[in-house]
Every structure is written in structure tokens, then in C-alpha cells.
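I have placed the structure first, in the form of C-alpha cells, so that the comments after it can refer back to it.
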Amino acid sequence: MNPRIRIALFTFVGATLVGGAAHALGFALAPGHSTEAPAAQATAQAAAVPAAASGYAGTEACVGCHGDQAEHLEKTPHGRAGFSKLSSLGCESCHGPGNAHAEAPDDVALYPRIEKLSAAKQSATCQGCHSGGKQFFWHNGRHQARGLSCISCHSVHSPKSERAQLKQASATEQCFSCHKDVRAETWKTSHHPIREGKISCADCHNPHGTETPKMITAASVNDQCYSCHTEKRGPFLWEHPAVRESCLNCHSPHGSNHLKLQKTSVPYLCQQCHANTRHPGSLYDATTLGDGARASNRIFNRACLDCHSAIHGSNHPSSPYLGR
Amino acid sequence: MRTHTSVSLPILPLVLLLAPLGPLFAEGGDSGQGPFTFHLDPVAIEWLELDQDTNSSKFEEYRDLDSGLRIPLLVLKGVGANGDRTLDFTAENVWRDDARLGLDYALAGKYGLSLSYDKIPHRFGNDAKFLWNRTASGRFEIDDAVQRANQAALTAQFAANRTLIAFPFLNNLLAPQIASARSIDISLERERTRLDFDLGTLQGLSWDVSLFHEKRTGLRPFGAAFGFSNVNEIVEPIDYATTETTTRGEWAGKSGGVTLGLRSSTFDNGNSSLSWDNPFRAVDSTDPGASSAPGSGSINGSATGRVALAPDNRSTGFFVDGRWRFTSGWWANANASKTRMRQDEALLPYTSNSAINTRGGAPFDASDPANLPIRNADRKADVTNLSANVGGRFGEDFGLTFRFRSYDYQDDSRRVIFPGYVRFDSNWVSTGRITVPPAFKRTDLGTELNWDVTPSTGLALSWNRQTWDRELREVEKSDEDIWKISADSRAIKNVTLRASYETGDRSIDGYHPEAAEDSFTNPGPLVTQPGLRKFDEAARQYDAWRVSADFLFGEAWTFTLATNGRQDDYDQSQFGLISDEVRFVNLELSYVPGAASEVYLFGTRSDRSTFQRGRQSGATVSVNPLDNWQIDFDEVNDAWGLGWNRRYSERWKSEVEGRWSKSDGEAEIFSPPGGTPDLAIGFDNYEDIELLALKAKLDFTLNPRVGFGFWYLYEDYTIDSFIRQGVRNYLPGALLLNANDGDYRASLFAAYVRLSL
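Chains X and Y are the protein sequences, given in the same order. Residues in the first sequence are numbered consecutively from 1, following this note's numbering. Residues in the second sequence are numbered consecutively from 325, following this note's numbering.
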């Protein structure tokens, strides 16, 4: 890359970080700047202005007609008593002032339905409170760019999940409602314990957006894998460069028909890169299988890995070939 | 054998220590006082009865469905007297190897604490035949008398007629020992404890601390070898501990924000090395051909093998995230992180074979660590990651985003020269080798333009250039341009359409096959095919596409049809991976006539074809095209499912689901006649796998406090894998565990009582 472009890009990264930090230190960078969450602002606003004058109808008025919605909400975090400590506006914390709707309940145009807002406004409603943590990089994120909003996946009133108020029973099922090809991968015989519910998509991906490709939560695919497979982090005395650059060169993390989530079964996976003299370049066909006429320990069972057992890297002085 | 172990909570004391700090730290302090009111969600107590026809580990690979008692889910929710404090407890699969516990405490808007404990079993295989006995944590021994007897038999045969030292002789020698070998189950267990502590807000900055600890214990299959003809599959004792801490401060406002934090991760291995006895030798010995022993050429080698296991290591670093909203409504995001990874494990000597010394062909006693050029690994690598994007809307209908990312991995460890090495603990090889610390930098630069053609239809066009800069690899620099166009539309009522097409073109600045010899201090002639291109670096073109349509018919019917595919071509590669293509189709149909009933059907098919080519060589690189071979792999995966959920009345409800999946793989192999190999035979069990799963549930509510029900699960799993075809405990050149992770047919019946207390 041209050094000038690189300097410009690094300057931009730095400027954005400094800009964010400046906000943290209290320097206003945009009109209307506020460090308070909208719900808190709304609380203060409601306290200062009489309900009718501010356009708020009050939760009691909402529940008067929408009792079933309130009953559902009671079982969720937004319906718990503690929510009133964050916002005194109840339903109108999210739906906005509802006095006009309460006075003309049959006027469809006045329905305070979140669904009829644009995706950006739907998300802005939620981000009034949920703008930090995992939602920090929502803006410019992949899901935001494809026109999704918070309510594409979350349901405030009728969640099916124990956590995170999702529309499906789990984070994994929520993701699979769109990513069908990934779901099919997890049904393969070699798989992470996703379908058993022991890990979920959200263990590796942040669907709200990240600065990394595929919305993974670590700085790279390898860093993601190392978070659980720390024994492979090294750095080792003898390294396998293709391993260090990307685990995905050999593994298919969502599922595979081959042992250890391999993209192609050993020994053929290894032979996609190694065509050396002697055994790495040899053909292993049906005659070399366990019950074949020329049975070879280089095809059956662990194949190459029977000897090259430290394939991810080795610390043994006699292991330039990643054996031991 | 597995046991249902009790739950341990190693971080609990720490939680109790930290919990009082929350209210002190949070501005405003703890205003919630008074007793909690608890609500227990309906809880089921369940009895399982399992009937499985084989002892395959596959049925319970990641789960515990053994016969016995369990509580599938228990949820206890507590609320403080004035409503602002919550204390929730969740337990899943209580009394089981796959149990999960969770405890959450929060003071609304002030601080929160979340503690979880999760057990994840991973069963690799049952009933493995194992000749060794574990005499210490990283030591596996065979009875000395057995080793001596085998060595004596080999010595006698070598003297009488060495040509008979081949598979039949060795098989007869080991057969009685294998027959009396003990049987072991191979599995490990992960115990994960996580504590997330939201410390609340101080001076506008919210802080949180997370701690993660994972203990992995058990056994894992491990490849161990004393030579090309003496591969041993043993078990690696797993005693891993991972501890990770993250401290994070965040300020998030409407138009800007910053996050900064520190992250640390350590890995400790309770076993730094693993040693195991050679079944065929009791006394160390060596000769130049010992790495092919036992055979007609040699019966020598080491009495014991020793391997370095994953070393202790640690990773520490910091990260800064920033975001900034411009007055125009555009957003800029950036992230910077720096991480250092280190490991400094003491190195093992070249070998455990005491015969490899000045009399045994080595320049020194190779079993003495004092003769190593370094005593500790002293490895360190730095990762610098920078990324940023800026994007927003312009005009009425357009959006634009620019993205940049740089990931720089630099292994700063010094290159270490070794004068030679010991092959399989069998013999000294006097070829100088030098370590090759990897270094690479990946840079992404791209932009995306979005156009709202109509309020219900959008188009997006994006371009991304991915650049790699590497050191000490075949390709030092590559550029890949990736173009993508996508469209989303809801223009037709009750129909959602999504489509995208992506194409990429990677060019390289040259391919240097001699880089594969960088670990030799004095590289000789090239030993790899010069026409090979390692696919992860090679020039390539790819095309990928995706189309999906969701239809809603009336109030009750929904139908989804989706298809996608990708084809990668490595046109400049003569050997190695040449092409890789996958196509996928999915359809789903559901009918929900009302709240009382739901019927659904789904089906998928994926078809993957991979093509690769090789050329067989002897001691020197073959230039004869007749020595070529090529393989077409084809894998077809089908999965279908059907389900029906029905509520008959306020009391009765049922759920039925069936799922069937099948993988059908084939390897078509070709080699031209006249070369080596001369004739190639493919196989049609390139992992043929079939799984049928049926589940039915019937639930009855007796009264608001009591309900009961039954469920039944049937699974039938078959696998026909070329890699396990004909595998027994001893095969030519390999003594294997041959554990059972294959076919099974299992029926699981469960009865439960559900109580609302």
C-alpha cells in the first residue's frame, strides 16, 4: 500500500479514537451532544412537564387497552420493577408520547407502533439506552448496512429466549432463521457443540457489529479460535505458517463430514499444499486403506497426524517436521 | 467410566469478595434494601431411561443423556423489596455432565454481577484397547517383561531370517498382548466459570471486569511414532487451565464514545511432556535405519518416546475503541489493539534415546539438554490491529461506507540454529535446521455504496482490496480485489427477496517454492514440485452468489427458498488444490393456522466438489507427467425435517419432530498408465454418514400447580468412513486405539413431573 495512503488511514484511526476520547473527557463535538441515555432524558423531561402538555398519556392509559401486551411485558426485563428506576415513562419510553393516540385510538396514523418506523429509527429507539457494550459498533456494521434493525431479532413484548429477549428460543436459532447454510453445516458429524446448546453463534460473533470481518469478536479468526483453544496459541519453536495465518485454511468451524472439522480429510488436506518427494507426494488410494492390499498408516485413522502430531506447532528441538 | 461429579465453583470466593465493591463503586450507592421476593418458574424433575445398542461415544459426544435423574431447567427469579434489585438463579441439566448454572445479581442502573458455570463433555471414543499403564501424569508404561520379550523375539528373528519381520510376524507377536489389553473410554471435560462484573458508572465512565476460567481434564487421542513402521496411537492426558481477565471502561454518549481496556490470558498445561514405552524395545539402541524399525532393515530404536506437549503461554494486551457521530449524521468507528504473546517453556533434549551419542552417530549426547543451543523456547509475537470505518447517508437515497483494517502479526523470536535432529527418537539426522518465525500483515481497504431505489428496494455495491505482506513464505505479496453487488426488496406484498453476487481476483507478485526450504541451514535441491501453489497464498478467482425469497401466504403459510454457491479456481496451480465448488439449496414451509397448532417442513442439499492434483516422486522430484494423479472429491449432504406442535386443550399438548440427514461422499481417483502410480482405485465412502432422529413429546397439565409428561427420542447413526475402513488395533505400521465412535441406535425415554411452587 502506498505509504501516504497508509499514513492517512492511520491518522484517521487515531483521529477517531481521539475524537471518541475527547467526548469521554467532556468536549462537545456536535450540537445537541448529551452523555445521558434518552430514557433518562425522557424521565427528566416527564418530571418537568405535565403529562398532557408533553403529549404523554401515561402507562395506565396504555394498559387500559393493551392489557395483554402489558402482561407479556411483565415477564421481561423491561417489565420488571427496576425498569422504572431507569425511565418513569413506561410504555412511552420506547413508543413515544401516546396522548394523541389515546384520544383517537381508531386513527391508524397515530398508532405508536415501532414496526412502522424505518429500520434506522427502530434501532435508534433501542439505542437510546442500549448504545454501549456489544452495541458499540452497531453503526456501519454489516447487519445495520443490510437494513436490519434491533427488532429483526429481538422482541420486547414476547421474547422466546431466556436471555437477550430474542424472537427465537436461543441465540443460535435466531441466527439460523436467516443463515440456513450455516445451520446445515452444524448438522454434520464433526461439529462444535452448537446444536447441543453448549456454545452459540454469539460466542464467536457479535451480531450487533464489530470492526472485524464476519463480525467475529476477536481481532482475527485465529485470535477467536485461541480464546478457547489456548494450547494452540504458541508462539512455538517450530511453526506451521499456514496455521498461524488462518485456522480456516484447514478447518471449517461450522461443521464438517471429516474428523476435527477438517475442510478435506487427511491425508488429502495436507496434499493440497505439500507435494514433496517421497511420501507427501504419494498417491493414497483404495488399495492403501486399512483393509487394502497395500495398507498404509499414512491414510487410515489419523493419517499424516499419526506422526506429525504437533501440526499446529511444536516446541520439541527435533521437530522441524512437527512430529516431536 | 463416567461419573456424575459435583459442581465446583472455584471463582465463588472471588465473587463474594468483589460483590460488596459494587455498591461502593457505583455512583449513588446501593439504594435497594430489604428482603427479596422469589418466584420459581415451573420446574420439571425428569427420569431418563437410555437403551443404546453399541457403546459408541457419538450419541453422547457433547451431552449427557444417560439413564437417571435430572432437572432440565430451573429458573428462580428474585426481586428486592423496592423493585430495583434482582437476583436470578438458573440451572440446567442438574446432576449431569453437561450441567450449567447461572447467578445474576443487579441493582437497576447501578451495577450488576453475572456468574456462570458450564460443563461441556467431549467424548472421543469408548472401549479403546490400550497396552500402556499410566504411571505418572505424563508417563505411560508397558510392562518391562512384555517389552523385553518382544525385543528378544525380534532379535532372534532378525538373526534367523530378517526378511520375515513384516506385518504377519509383528501381528502374531502383539496379538496376545492386545487380547489382554485393558479397555478405556477417551473423553475430556471442560469446566467453564465466567464472572462478569458491571461495576457501574464513575465520573461518566462505566466499568466492567470479566474473569473466565476453564479447566480441561481427561484424555485425548494422540499420534505417537517410533518410526515409519511403528506408529502408536496413544492418549494425551489433558490437564489444561485457561484464565482470562478483561477490564474495560466505556463512555458511550449520543454522538461519541470511547472504550479502553486491558486483556490478559494465560494457558497452563499440567503436563509439559508425554513419554510412552516402545512396545517392541526394552533397551535404547540406534542405527541409521532405526526410523524404519521394526522391519527387515532394522530392529533398533528407542525404548521410550517423548514428546513436548503444548507449552504454557500467555497473551496480554490493550484495546481502544472509538466512535464519533458527525453533525451530518455520519458515523466514524475505530479500533486499535496491541497484543503480545509469549511462551518460554524449557525445551526437552533432542531425544530420550540414550544411545544417540558420539558412538551412535551424533556429534554429542543428544539425550542431554545441555547440548541444545538454547535451553528455553523464548518465543514472543506481537499483534498490532488497527481498523476504522466511516459511513452515513447522503442525498435522499444513498449511503456510503469506507472501511480500513490492518492486522500485523510479527513473531519477534530469534532464529535458532540446530545442527541436526533426532528422527522419531530413533536416529540422528545431521541436517542443520533453523527456526522460521512467521510474520505477515493483512490489510483491507474497501467501500460500500447503498442506494434505496424505492422505499422497499435497496441495492448495494461494494469493493474491497485485501493485501497480504509476508516474510519467509512462497508468496511475499498478494492483492485480492473483491466486488459485490446485493439487492434486498420487499416491493411485492408478503414477499422478501434478497440476492447477492460476489467476485474476487487474487494476484501474487511471484511464487518462490524455495521458501519451503527456509528451515534448512544449507538448502539443497528443491524437494517439492515447482508447479505446486499452496492454495492459501496462490493466485485465484472466485465467484459467489446467494438468492433467497420468503413468501407469506395469507395468515398461516410461510415459504422460504434459498440457494447460494461459491466456486474457487486456482488457475495457476499445477499441483495442490485446483478448484473448490459448493452449491446449497434450502427450502422451508410452515403452516400456523392459529395459536394451537404449527406444522413445519425443511430441507437442504449441499453439493461440494473439490479437485486436486499431485505427482508421485521418489528421492528426487519427478518430472514425468505419467507420475501424476488427480482426485475429484464430491460430497452431497441432504437434511430434511418435519415437525408438528399441537395444543389439544388447555391441558394437553404434543410435539413431534423428525430429522434425517445424509452425507454421501465419493473420491474419484485417476492416474495415467505407465507411471508411478500406475493404477489408481477410488472409493465411494469418502465419509458416508446418516442420522435419523425422531422425537415426540406429550404434556398434560393436571392443575395450575402440577403437570406431567413423557418424551421419547430415537436416533439411528451410521458412518462408513474410508479413513476407518478395516481399521483394527494393529495394522501394518500402526498400533491403534480403535475406540468406538461409530454406529449406534439409541432410544431414550423420559418421564417428568412439572411443579409450580
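Just so you know, even glycine gets a beta-carbon here, dropped at the ideal spot from N, CA and C. As the structure is a computational prediction, the values presented were derived from the model and not from experiment.
Own chain residues within Cβ distance below 6 Å of residue i, not counting five before or after
| i | result |
| --- | --- |
| Glu1150 of chain Y | Beyond the ends of chain Y as shown, which are 325 and 1081, falls residue 1150 of chain Y; an answer cannot be given. |
| Leu1022 of chain Y | Ser978, Gly1033 and Phe1034 |
| Leu769 of chain Y | Phe728 and Arg789 |
| Gly323 of chain X | Cys307 and His308 |
| Phe176 of chain X | Arg183 |
| Ala47 of chain X | Summary for Ala47 of chain X: the model assigns pLDDT 44, below 50, so the residue's position carries little reliability, and this model does not support an answer. |
| Ala886 of chain Y | Ser872 and Asn910 |
Neighbourhood of residue i by C-beta distance below 7 Å, restricted to the same chain and skipping five residues each side
| i | result |
| --- | --- |
| Leu374 of chain Y | Leu389, Asp390, Ser391, Ala1070 and Leu1072 |
| Arg717 of chain Y | Gly653 and Gly723 |
| Phe448 of chain Y | Ser381, Ile510, Ser511, Arg544, Pro545, Ala1063 and Asp1065 |
| Thr230 of chain X | none |
| Trp976 of chain Y | Phe1024 |
Coarse secondary structure for residue i, derived from DSSP in three states
| i | result |
| --- | --- |
| Ala321 of chain X | As written in the sequence, residue 321 of chain X is Tyr, which differs from the Ala given in the question. Reduced to three states, the DSSP call for Tyr321 of chain X is coil. |
| Tyr226 of chain X | helix |
| His251 of chain X | strand |
| Asp68 of chain X | helix |
| His143 of chain X | helix |
| Asn624 of chain Y | coil |
| Tyr284 of chain X | coil |
| Gly133 of chain X | helix |
| Gly82 of chain X | coil |
| Glu979 of chain Y | strand |
| Leu29 of chain X | Confidence at Leu29 of chain X is low in this model, with a pLDDT of 38, below 50, so its placement is unreliable and the value that follows should be read with caution. Of the three classes helix, strand and coil, the one that applies to Leu29 of chain X here is coil, per DSSP. |
| Thr682 of chain Y | helix |
| His316 of chain X | coil |
| Arg814 of chain Y | coil |
| Leu785 of chain Y | strand |
Which residues DSSP lists as bridging residue i, in chain order
| i | result |
| --- | --- |
| Thr640 of chain Y | Y:Ser588 and Y:Arg664 |
| Thr708 of chain Y | Y:Lys662 and Y:Asp732 |
| Leu397 of chain Y | Y:Glu416 |
| Phe1034 of chain Y | Y:Leu1022 and Y:Ala1075 |
| Leu543 of chain Y | Y:Pro561 |
| Phe764 of chain Y | Y:Tyr733 and Y:Arg794 |
| Ser530 of chain Y | Y:Thr525 and Y:Glu574 |
Proximity of residue i and residue j at Cβ, strictly below 8 Å
| i | j | result |
| --- | --- | --- |
| Glu798 of chain Y | Ala839 of chain Y | yes |
| Ala617 of chain Y | Gly625 of chain Y | yes |
| Ala670 of chain Y | Asn637 of chain Y | no |
| Ile114 of chain X | Cys94 of chain X | yes |
| Gly90 of chain X | Thr59 of chain X | yes |
| Gly782 of chain Y | Asp812 of chain Y | yes |
| Gly685 of chain Y | Thr610 of chain Y | yes |
| Ile489 of chain Y | Ser620 of chain Y | yes |
| Ser615 of chain Y | Phe688 of chain Y | no |
| Phe643 of chain Y | Gly577 of chain Y | no |
| Trp787 of chain Y | Thr771 of chain Y | yes |
| Arg814 of chain Y | Ser843 of chain Y | no |
| Ser930 of chain Y | Phe957 of chain Y | no |
| Thr675 of chain Y | Ala690 of chain Y | yes |
| Arg983 of chain Y | Gly965 of chain Y | yes |
| Val746 of chain Y | Thr759 of chain Y | no |
| Phe604 of chain Y | Leu478 of chain Y | yes |
Contacting residues, own chain, Cβ-Cβ under 8 Å from residue i (five flanking each side not counted)
| i | result |
| --- | --- |
| Phe349 of chain Y | A caution first: Phe349 of chain Y carries a pLDDT of 45, below 50, which makes its placement in the model unreliable, though a value can still be read off. Once the five neighbours on either side are set aside, the close Cβ partners of Phe349 of chain Y are Tyr435, Leu523, Gly524, Leu526 and Trp531. |
| Leu633 of chain Y | Gly462, Glu560, Asn593, Asn595, Ser596, Ser597 and Leu598 |
Original post:
If you pair each beta-carbon of the region 1006-1017 of chain Y with each one of the region 1042-1050 of chain Y, do three or more pairs fall below 8 Å?
Top reply: yes
Subject >> the region 289-307 of chain X in contact with the region 203-215 of chain X per 3-pair CB rule at 8 Å >> reply: no
Original post:
Is the region 456-473 of chain Y touching the region 544-562 of chain Y, taking contact as three or more C-beta pairs under 8 Å?
Top reply: yes
Original post:
Are three or more beta carbon pairs between the region 407-420 of chain Y and the region 481-500 of chain Y nearer than 8 Å?
Top reply: no
**OP:** Spell out a yes or no on whether the region 245-257 of chain X and the region 220-230 of chain X are touching, meaning 3 or more CB-CB pairs, one atom from each, closer than 8 Å.
**Re:** yes
Original post:
Is the number of C-beta pairs between the region 871-885 of chain Y and the region 813-827 of chain Y that are closer than 8 Å three or more?
Top reply: yes
Original post:
Taking contact to mean at least 3 C-beta pairs separated by less than 8 Å, is the region 918-928 of chain Y in contact with the region 890-903 of chain Y?
Top reply: no
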